[in-house]
Amino acid sequence: MATKIRKVYMGVPVPSWPKAGFDINIDIQNIEGVLADIQLKSELDVEFVGGDVVRVPSDVEELKKKIVDVDGILAFNLSSGVGMLFRGIVEFGIPTILFSQPYSGHDWSGVAGMVKAGKKVDVLATSDYNEIFSRIKLIDVIRRLRETKVIYIRNGGVDPTYAAQVKEKFGVEILSVQHERLLSIYDSVDQKAAEKEADRWIDNALKVVEPSREEIVKSSRMYFAIKQLMEEEGARAITINCLGLFGQNALPAYPCLAFSKLNDEGWTGVCEADLASTLTQLMVGYIANRPGFVSDPVIDTATNTVIHAHCVAATKMDGPNNSPAPYIIRSHTEDNKGASLQVLMRVRQKITVAKLVGLDTMLISTAEITACPDVDRGCRTKIATRVTDARKMLDNWSGELHRVIFYGDWIEDVINLGKLLDYKVVFEG
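This note's numbering numbers the first residue of the sequence shown as 153 and each following residue consecutively.
Following this line, the structure appears as structure tokens:
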């Protein structure tokens, strides 16, 4: 589905900036050509619609009547004195970007205050129209979130109040599913397909340490069962109380391998029924077009290091269309059962570390992978990362334990997405 963005051109009837007697139609004609080129070159499926000219307050009211079924608004101030008009457009509640080229006026100066007031708005004050690409991407992320369904498997289901709040703020739908339904699908999975999948895992591994082939086959059956459940529900993400349910013998296999492969394929699988990390992985993952690695962080102030460890890790941290990292098939650390991966991630890779806290704060930091520790403690996949100030991180830690790691530096995009989704960004360390 195309991301639909409404074009709006603002200019008062008698402008003073950029100069007296300026004809805004000159700029409109130029911008129309630029946007047509952007739509053609964009890697995203984007459609610019409209092209409304707003000059007086009544034009804003007319626009409000016409503006339906769009994902965002791209507004251009072509003269000074359009601040009131723009504020009226922002009040529609649709993610809105103001493009303010040099000498077009001073109305860019009011946007920061709107952001602080919780309005869904951002501004580009630039002569480079190519910067529009970056904001198109964020509007596309918001559209994808609104179309995303998350399956939640845990005894008792999701808190309905929390689910309603997530739906209202981010558009993400959370669906509670009983684990018995997953078991029923698991029992129907073709055994030969599961064996073939298990052999693929084994053949591509550097080695297999603890699990038997039978255990890997069970994990492969779990992958097919989870994927079928997601397809039946039209879900893009799933999170399961894996530790609790497996410990109660309510699951025949851990979903670690299943989540690894789902994340490799561009879906989202998150352990421990952790909705905050699931939402984080969706939001930053949609920006980066690559999976996240949910981790248990370990801080070592002596070496200014944070070690991130977990038993679920994608092998394609660069994204689904890229080469996999080498891996070893291991058991789940905490009980030495099941099958999981020890993924050898890329050393010297810069990473972004994020965590959504509540619905209004995103914790964020960057680091660099310095090693993949091979020690018989902690979860199977481990990366040691060099941070700015481990002691400061320790002293100011919040947001419970888990963090989500992504290859690359996505700080600026996360900040700008926050302006359109009304969350604040807090830097850790």
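Note that the Cβ used here is the ideal one computed from N, Cα and C, for glycine as well. Values in this document were obtained by computation on a predicted structure and should not be read as measured data.
Using beta-carbon positions only, say whether Thr533 and Ala465 come within less than 8 Å of one another. yes
His484 and Ile557 - do their beta-carbons sit closer together than 8 Å? no
Phe251 and Phe228: beta carbons closer than 8 Å? yes
Please classify Gly271: does DSSP put it in a helix, a strand, or coil? According to the sequence as given, residue 271 is Lys; it is not Gly. Correct three-state label for Lys271: coil.
Helix, strand or coil for Ala264? Go by DSSP, reduced to three states. Of the three classes helix, strand and coil, the one that applies to Ala264 here is helix, per DSSP.
Indicate the three-state DSSP secondary structure (helix, strand or coil) for Lys159 in the structure shown. strand
Cutoff 8 Å; reference Val273; Cβ partners in own chain excluding five residues on either side: Val242, Pro247, Thr248, Ile249, Leu250, Val263, Met266, Val267, Lys571, Leu572
Whole runs of the beta strand (DSSP E) within the stretch 388-476, excluding any shorter than 3 residues: If you keep only unbroken beta strand (DSSP E) runs of at least 3 residues inside the stretch 388-476, you get 389-392, 420-423, 445-452, 457-462.
If you draw a straight line from the alpha carbon of Arg373 to that of Arg333, how long is it in whole angstroms? 14 Å
Kindly indicate the opening and closing residues of the beta strand (DSSP E) around Asp204. 198-206
Could you give the residue range of the beta strand (DSSP E) that holds Gly224? 224-229
Test item: CB-CB of Ala523 and Gly581 under 8 Å: no
How close, in whole Å, do the beta carbons of Ile503 and Thr537 come, if the pair is a contact with beta carbons under 8 Å? 7 Å
Paired residues, beta bridge with Lys301 - DSSP: Glu325
Cβ-based neighbour list, Leu553, same chain, cut-off 8 Å, excluding 5 preceding and 5 following: Asp448, Pro449
Measuring only the C-alpha atoms, how far is Val205 from His258? Whole-angstrom Cα-Cα distance: 19 Å.
Can you tell me where the beta strand (DSSP E) holding Met514 begins and where it ends? 513-523
Considering only residues of the same chain and omitting the five flanking positions on each side of Lys156, which have a CB-CB separation below 7 Å? Counting only residues of its own chain and dropping the five nearest sequence neighbours on each side, Lys156 has a CB closer than 7 Å to the CB of Glu199, Val201, Asp221, Val222, Asp223.
If you drop the 5 nearest sequence neighbours on each side, which residues of the same chain put their C-beta closer than 8 Å to that of Val293? Met435, Tyr438, Ile439, Leu569
Below 8 Å on the Cβ atoms is my guess for Leu493 versus Thr467; work out the distance and round it to an integer in Å. 7 Å
Quick check: what's the CA-CA separation for Trp279 versus Ile183? Trp is not the amino acid found at residue 279; the sequence shown has Ser there. Using only the alpha carbons, I get a separation of about 12 Å.
Helix, strand or coil for Tyr559, going by three-state DSSP, please let me know. strand
8 Å is my cut-off, CB to CB: does Val275 come that close to chain B? You won't find chain B in this structure, because it holds only one protein chain.
Taking 8 Å as the limit between beta carbons, can you name the residues of its chain near Asp416, skipping five residues before and five after? Pro443, Ala466, Thr467, Lys468, Pro472, Pro476
When DSSP builds the beta bridges, which residues end up paired with Gln494? Ile480
Rounded separation between Ser232 and Pro170 - CA only: 7 Å
Cβ shell of Arg498 (< 8 Å), same chain only, five flanking positions each side left out: So the qualifying residues of the chain are Met469, Ala477, Ile521, Tyr559.
Could you name the residues that DSSP lists as bridge partners for Arg532? Arg532 is not bridged to any residue.
Counting only runs that start and end within the stretch 332-379, where is the alpha helix (DSSP H) found for 4 or more residues in a row? 343-356
I need the DSSP call for Arg306, collapsed to helix, strand or coil. coil
Under three-state DSSP, which class holds Phe238? helix
Counting along the chain, where does the alpha helix (DSSP H) carrying Ser210 start and finish? 209-218
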